[in-house]
Each structure stands twice: as structure tokens, then as C-alpha cells.
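Line by line, the protein sequences give chains A and B.
Counting in this note's numbering, the first sequence runs from 1 upward without gaps.
Counting in this note's numbering, the second sequence runs from 1 upward without gaps.
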Amino acid sequence: MPSDEIRPGRIEIEGLWEGYRPGRRRRLPWRGRWNWALQGIDLTVESGEMVGVIGHNGSGKTTLLQSVAGVLRPSRGSVRTTGRVGSLVHLDAGFHRDLSGHENLLIGGVLLGMRRGEVRRHYDEILQFTGLTRDELDDPISTYSSGMGLRLGFALLACSRPSVVLVDEVLAVGDEDFQRQCIDRIESMLDGGAAALLASHDLDLIAKHCDRVMLLQRGEQLFTGPTLEGIERYHQAPPAR
Amino acid sequence: MTAPARTAAGDAELLLTLVERQLRVRSKRSMLGMVWPSVSPLVMLALYSYVFNRVFNVPVERYPEFLFAGLLPWAFLSQSVATSIPSLSVEAPLVRRAPFRHELVPMANVLAHALYFVVSTVGFCAYLAWHGRLAWSVLPALVAPMLAVVVFGAGLCQVLALFDVYNRDLRWVVGNVLTIWFFLLPIVYRPQMVPEGLQFLQSTDPMNMIVGQFRDVLYYGSVSRPGHMALMLIVSAVFFVVCTAVFRRCSGELPKDL
Chain A
1 MPSDEIRPGR IEIEGLWEGY RPGRRRRLPW RGRWNWALQG IDLTVESGEM VGVIGHNGSG
61 KTTLLQSVAG VLRPSRGSVR TTGRVGSLVH LDAGFHRDLS GHENLLIGGV LLGMRRGEVR
121 RHYDEILQFT GLTRDELDDP ISTYSSGMGL RLGFALLACS RPSVVLVDEV LAVGDEDFQR
181 QCIDRIESML DGGAAALLAS HDLDLIAKHC DRVMLLQRGE QLFTGPTLEG IERYHQAPPA
241 R
Chain B
1 MTAPARTAAG DAELLLTLVE RQLRVRSKRS MLGMVWPSVS PLVMLALYSY VFNRVFNVPV
61 ERYPEFLFAG LLPWAFLSQS VATSIPSLSV EAPLVRRAPF RHELVPMANV LAHALYFVVS
121 TVGFCAYLAW HGRLAWSVLP ALVAPMLAVV VFGAGLCQVL ALFDVYNRDL RWVVGNVLTI
181 WFFLLPIVYR PQMVPEGLQF LQSTDPMNMI VGQFRDVLYY GSVSRPGHMA LMLIVSAVFF
241 VVCTAVFRRC SGELPKDL
């Protein structure tokens, strides 16, 4: 039985550039010009710290979280993380609509880095955290609401005991009670030594729970520092085109 | 390094989970979901037996058994290729959202088909045993061509699935190539009937060697070419390693390109 303790987490981002080449699609894989989604990002998140990522639509928040999660390979620079990375950038990574919640837990858990036995061991805990009944968990997730999908995804994330927690806008889907439950769980992970990045447009949430913020604008790191100052800069920054 | 390092055991568990997911998904919204891949070789068997045995009168004894022994590895390969080519595009949400080795997606597809392949082969062996025509002593030699075709298929399918992301013409090209390849292989006719100019394929085309080994064991009840068996395993293993290297080299931007 693995320990429920969280290994101290750390995120170290150095000179991260992340580019897309729209022309590559339908062509040979090495062709196309670059569109930069992130330009030279530097950030270190220490154990027990939660950094908010703010910026208007298209500023690169999700791309940053995907890079830290290891989904995207940096075009330039590097991202280093310590311990297991738990990403809630997308609610339904690995979930198949035709499969039941129960069946999807296994693939979702293994994608989060859990062992199959570990997912099965945490089944009751996951069930309790989701607030779903066993019957509901046996239904195909195509019948679930967005909120139910969030409950399943977050429960899995929480039970994977991540050292690095990445949360995108998805929390907005849940009701107030579940959002509270999620934030409490993230804070307990931070107390246990995890490092977290929270990307959100909910500035009250950011102001209340983040130790620092990073402000992105069209892929550029406009500001990194105290939360309230970052939020003020956000209001001054013009939205992306 | 970006992706959290997944151990080899972790990759194996993910592969197993993806195979299980494929099999479960296949059984949803379908009455015969899990059975369909096994039905296809039987339909081909009935059709080709009628056309080549009855209509063209190909001079081969126990023609349906001769045909099925060659058809088994071919059906596995062609079904794996056909369903693996769009696999990365179909699983785009998964590739874009979770960090893992993307070659596991087409490989899971191949392994799911390998299960049907094993079941079909066992079924055919049971049929031969029932009629007293199974050479038990050489049966273990069947493991080598089975392993070779699965390894060869896993290599081929991952590269085809990757290039399909960038060029959908591939689906049409491969469909036609498979048809030509099928008729170049001595599946519906005897190897001796191959024109002299194409005889070289018997020692250069891995599928030609694999089909030959299957037929040797299941139809002739012998292992006549042990050298071919070793060569076939080596060629398949090298092909798999090269294809995996190509996939890893060219798939770095896959989540962005899907």
C-alpha cells in the first residue's frame, strides 16, 4: 500500500517558448511557420505555493499548463517538475463518452500516473468525493452533466496524491459547494507539500487563494509578483485581439 | 524534459488499459461488437473458397484449410492497419490532453486485434484437431510467425497512424496497397504458381515469410524452413525498432498538430 503522503512538489520553468505551426497540418510534419503561444516564460513554484495564472482569452494560460503537465514539448527552454503531476486542465482527459464513470476511472487514473491497483484501492474514496451514487457511476458518462464530469475528474486527481497540481478554468463548472470542496482539497495538498498553478478568470478566487500571480498577455509574461498588484495590472492590460 | 517520466511498467499498464478500453468501447452500442473482427476472416474464407476453389478451380487439396492458414495472419494485419491508420486522429482529445507515449494508441489497437487473432488461430487449430489433421508436434513453431506478424504490424501501424495525421490521402493509398499486397501474397494460390519474376518476394517480403510459416505448420504439418523463421523474427523486430524510432523522432509536435 503506497503512502498517502505527498512528495514535495516544485515547478521550474526556464525560458519557455511554445509555438504552433498551423501550416503543418495536412502537410509534411516539418513544414510551416511558427505562431508563438508562449514567449520566454520564467517561473519557479516552490512546495506549498499556489501561483495564479491570469490573462485575457488567448494569452497562453492553458498552453502554459499543458506544457507543465508534459502534454506539450517545449519549442525552446525547459520545464522541470518534481513528483507526480496532477492536471485538471481538461475535465475529461481519457474519458470515453460510451463508457461508464466506473470504466473511465481506470483509464483516467492510469493517465494521471496511478497504477491500476491504486485506482481500484481508492475506488470508495473517489466515490465518496464525487458524491455520485454507485448506480450513477455505472451510467455512461455521456449521460453526465458537466458538473458530474468535474466531480469525477477532480476526485481522481485528488486521489492520485499529486506533487504538482494544475487547475484550469474547469472549476467554474462546479456548484459553489463542490468548488469549495475542491479548493479545500487543493489547500490540503499544498499543506502536504504540493506546488500548484491555478489558471482562472475568477479574480476573487485568485486573490483569495494564490500566493503570487503571473500575468500573461498574448504569450508574454507581463508581470509576476504579489497577487493584488498582478490583478491591478490585469485590469490595465488591453485584451488580446 | 517535460513529461513526467513514466516507468516501463507504467507504460505497460497504460497499454493494457488502452487495450481494455478499446475492447470495452467496441462492445458498446453493438450487438456483436467483440465478435465482428472474427467474422471478417470467415466471410473472406467463404468468398475466396467459392471464387478460387469452385469458379477458378485452383488445384489445391483441402482448399478452405489451405486458404484459412494463409488468411489468418493477413486478416490480422489488414484489420490492424485499417483501424490503426485513423487511431491517432480519432483519439485526438486523449493525445491533446494527457502526457503519455503516443505510439501506445496504435499499438493498443494492434494488440486488441492480436487477441482476436489468437482466438481465431486457436479456433482453427481446434477445427484441425477435431478432424485429426493438426500436427501437434510442430504446433509450438506457430508462436514465431504469430509473434513476428504482431511485432511487424505494431511497427507498421504506428508509422501509418502518425503520417495519417498530416496527410489523409494515406488512407486511400494504403487501402489500394493492401489489395495489391494481398494478391501478391500466395494466400489464395500456391507459392509455386507465382511467376518467376516475382519469386524474389518469397524471401524479401516479411508477410510472405509469415504466411509461408503459418501454412507450413497448420496445413502441411511441418517446419520446412527454420532459417526463414529466424530471419522473419529478426526482420520484424528490426522493422519495429526502426518504426518506433521514426515515430518518436517525428511525433514531438503531435498534440499541437491534431
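Backbone N, C-alpha and C define an ideal beta-carbon position, used for all residues, glycine too.
- From the beta-carbon of A172(A), no residue of chain B is found nearer than 7 Å; the closest lies around 18 Å away.
- Assignment of beta-bridge partners to L43(A) by DSSP yields I13(A).
- If you look at V213(A), you'll find it isn't in any alpha helix (DSSP H); it sits in the beta strand (DSSP E) that goes 212–217.
- Where L198(A) is concerned, the enclosing beta strand (DSSP E) starts and stops at 195–199.
- Cβ atoms of P206(B) and F152(B) come within 8 Å of each other, at about 5 Å.
- Using a 10 angstroms sphere on the CB of E103(B), the tally of other CB atoms reaches 16 or more, which defines it as buried.
- Residue burial annotation: Q66(A) is buried, with at least 16 other C-beta atoms found within 10 angstroms of its C-beta.
- Nearest CB-CB separation between Y123(A) and chain B: not below the 7 Å threshold.
- DSSP, reduced to helix, strand and coil, places S40(B) within a helical segment of the structure shown.
- In the structure shown, F223(A) falls within a strand segment according to DSSP collapsed to helix, strand and coil.
- Your pair L184(B) and L201(B) checks out as a contact, with CB atoms roughly 6 Å apart and the cut at 8 Å.
- Legend: CB atoms of the region 6–19 of chain B lying less than 9 Å from CB atoms of chain A belong to residues R6, A9, G10, E13, L14, L16, T17, L18.
- In this structure, the alpha-carbon of E118(A) lies about 12 Å from that of G10(B).
- Sequence-distant partners of G94(A) (beyond 5 residues in either direction) whose C-beta falls short of 6 Å from its own C-beta, in its chain, are I107, G108, L111.
- The beta carbon of F117(B) is closer than 6 Å to those of F76 in its chain, skipping five residues each way along the sequence.
- Per the coordinates, the alpha-carbon of V53(A) lies some 10 Å from the alpha-carbon of L203(A).
- Within the DSSP secondary-structure output, T81(A) pairs in a beta bridge with I11(A).
- For G52(A), the enclosing beta strand (DSSP E) stretches over residues 50–54.
- One Cα belongs to E13(B), the other to E103(A), and the distance between them is close to 15 Å.
- When C-beta distances to chain B are compared with 7 Å, the residues of the region 102–123 of chain A below that value are E103, L106, I107, V110, L111, G113, R115, R116, in chain order.
- The three-state secondary structure of L185(B), taken from DSSP, is coil.
- Collapsing the DSSP output to three states places N167(B) in coil.
- A direct Cα-Cα distance of roughly 56 Å separates V188(B) from G147(A).
- At a cut-off of 7 Å between beta carbons, A98(B) contacts chain A.
- Around G19(A), the same chain offers W34, N35, W36, A37, S75 as residues with beta carbons nearer than 7 Å, after the five sequence neighbours per side are excluded.
- Under the 7 Å criterion on CB atoms, R73(A) is classed as interfacial with respect to chain B.
- Contact between the region 127–135 of chain A and the region 153–165 of chain A is present, with at least three C-beta pairs closer than 8 Å.
- Look at L111(B): its C-beta is not under 7 Å from any C-beta on chain A.
- Against H96(A), the close residues of chain B are R21, V25, in the order they occur along the chain (beta-carbon pairs closer than 7 Å).
- For the 7 Å CB-CB criterion, A92(B) and L218(B) do not form a contact.
- When DSSP reads this structure, R76(A) sits in a beta bridge with W17(A).
- With a beta-carbon spacing of about 7 Å, T121(B) and M146(B) fall inside the 8 Å limit used to define contacts.
- At a cut-off of 7 Å between C-beta atoms, L160(B) does not count as an interface residue with respect to chain A.
- DSSP links P140(A) through a beta bridge to S100(A).
- Distance from V138(B) to G221(B) at the Cβ level is roughly 6 Å; contact confirmed, criterion being Cβ atoms closer than 8 Å.
- Between the alpha carbons of Q158(B) and V43(B) lies a distance of about 27 Å.
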